[in-house]
Structure formats: structure tokens, C-alpha cells
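Residue numbering for the sequence shown follows this note's numbering, beginning at 1 and increasing consecutively.
To start, the structure itself, in C-alpha cells.
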Amino acid sequence: DYTVAHPVNDSALMMAFPAFEKPEAWIWNRSTHSTEPLVQPAPEVVMDIRSDGSTLVWLQVPPKDPGAPYFPPGNLWTSPFATSKAALQPQKRRPISMVGTPTGAAGQGFYAMYGITPDRKIHVYRLEDAQHWEFVPPAETYNIREVSHVDPKYVWYWTVTGVYRQALD
């Protein structure tokens, strides 16, 4: 099973689930017309993978205890954009807090994600130096569905009540 693919350059990134609660990052390439593993950090798992076209960014965490509601804290990783596991140059960048099923976006050197955890925070990372910002969306924006876009100025996200834009400054 795969999640929705996210197009980037002549490829598409997606999450694959070879086993229950064991997600991996996979890539489809136009040149080969095939889908193959990209990040398989067993025993750890990949919770999200995105790219702004220059940099790959993903969340890598230890496996979840069967009774736990969320995955334990892990790390944010990056690599220059690569279309194969062999070309990947993974770099552990910084710790991240526990995550549920994250929704994220990457754009113009930034990555933003909402981890669907009790803290309700949206986290933003500048990819060049892993600088981190976080904010709690206003109460009226309950039930965040997706972080849709991030760039050097704004994070866009949508909820059951509408689409919202948050300035990074």
C-alpha cells in the first residue's frame, strides 16, 4: 500500500507500508517508470518525506509500541535531492517531538509539518541550517487536515473551517 504521491521534478515521493505501522519512503521515477525504496531505516520508520526539488526531507522515528497512541520522538533528516537509494546522502539534522500521522509540505528551502499530536503545533524548519519555529494555530482552526504549502514567508494549512495562512515572522 502507498499513500498519495507528491510530485517533485521528474519523480514522485510516497510512503509505502510493507507491514502495519512500518512506513518507508519510496520514489517513482519517470525515467524508469518504476517505484522503488528510497529510505528504509529499519528498525526505525519514516513518518513523512517531502522535497522542494533541491533537498529531500523526512521524519525518521523508532517503531511505535503497540499500545502507544503516537510514535516516539525521532529526528529530522535531509539529503540533496536523489532519485535512488544509492544516491541518497542522509544527514541527521535535529530531534523532533513525538508524532502521530503527520501532514507536511516542503518549498523553497523550508519544511512545515503538523504531527497530529495533543500539542496542536505546526512545526517549520529551514532546511539549510535546520532552524526550527513552531506555532499553535488559533482555536477556531480546529481539526487541521493538511499543511498544504510553505515558503520563506508563509505556511498554508487547511482545516474543516477553511484555509489559513500564517506568516513565518
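For glycine and all other residues, C-beta sits at the position ideal for the given N, C-alpha and C.
Of the residues the options, which one's Cα is nearest the Cα of residue i?
i: Arg145; options: Pro137, Thr159 and Asp151; result: Thr159
i: Val124; options: Trp133, Thr78 and Pro69; result: Trp133
i: Gln89; options: Pro137, Val99, Phe110 and Leu56; result: Leu56
i: Gly74; options: Tyr111, Ala87, Ala86 and Met98; result: Met98
i: Ile27; options: Gly100, Ala5, Arg94 and Gly109; result: Ala5
i: Ala130; options: Ser34, Gln91, Thr35 and Ala139; result: Gln91
i: Leu168; options: Gly162, Lys121 and Tyr154; result: Tyr154
i: Glu140; options: Glu24, Lys121, Thr161 and Ile122; result: Thr161
Please classify residue i as buried or exposed, where buried requires at least 16 other C-beta atoms within 10 Å of its C-beta.
i: Tyr142; result: exposed
i: Gly107; result: buried
i: Asp1; result: exposed
i: Gly115; result: buried
i: Thr83; result: buried
i: Ala42; result: exposed
i: Val136; result: exposed
i: Ala25; result: buried
i: Ala87; result: exposed
Would you check if the distance between the CB atom of residue i and the CB atom of residue j is smaller than 7 Å?
i: Asp48; j: Pro118; result: no
i: Thr78; j: Leu13; result: no
i: Val46; j: Trp58; result: yes
i: Leu76; j: Arg50; result: no
i: Pro37; j: Lys85; result: yes
i: Asp52; j: Arg30; result: no
i: Gly100; j: Tyr70; result: yes
Using only the alpha-carbon positions, how far apart do residue i and residue j sit?
i: His149; j: Gly104; result: 8 Å
i: Gln60; j: Val147; result: 19 Å
i: Lys22; j: Gly67; result: 15 Å
i: Tyr157; j: Asp151; result: 12 Å
i: His33; j: Pro80; result: 22 Å
i: Gln40; j: Pro72; result: 18 Å
**Contained beta strand (DSSP E) runs [length at least 3] in the stretch 53-79, N- to C-terminal order** = DSSP runs (the beta strand (DSSP E)) wholly in the stretch 53-79: 55-61.
**Within the stretch 73-149, ranges of the beta strand (DSSP E) (whole runs, at least 3 residues)** = 74-80, 91-96, 103-107, 110-114, 122-126 and 131-135
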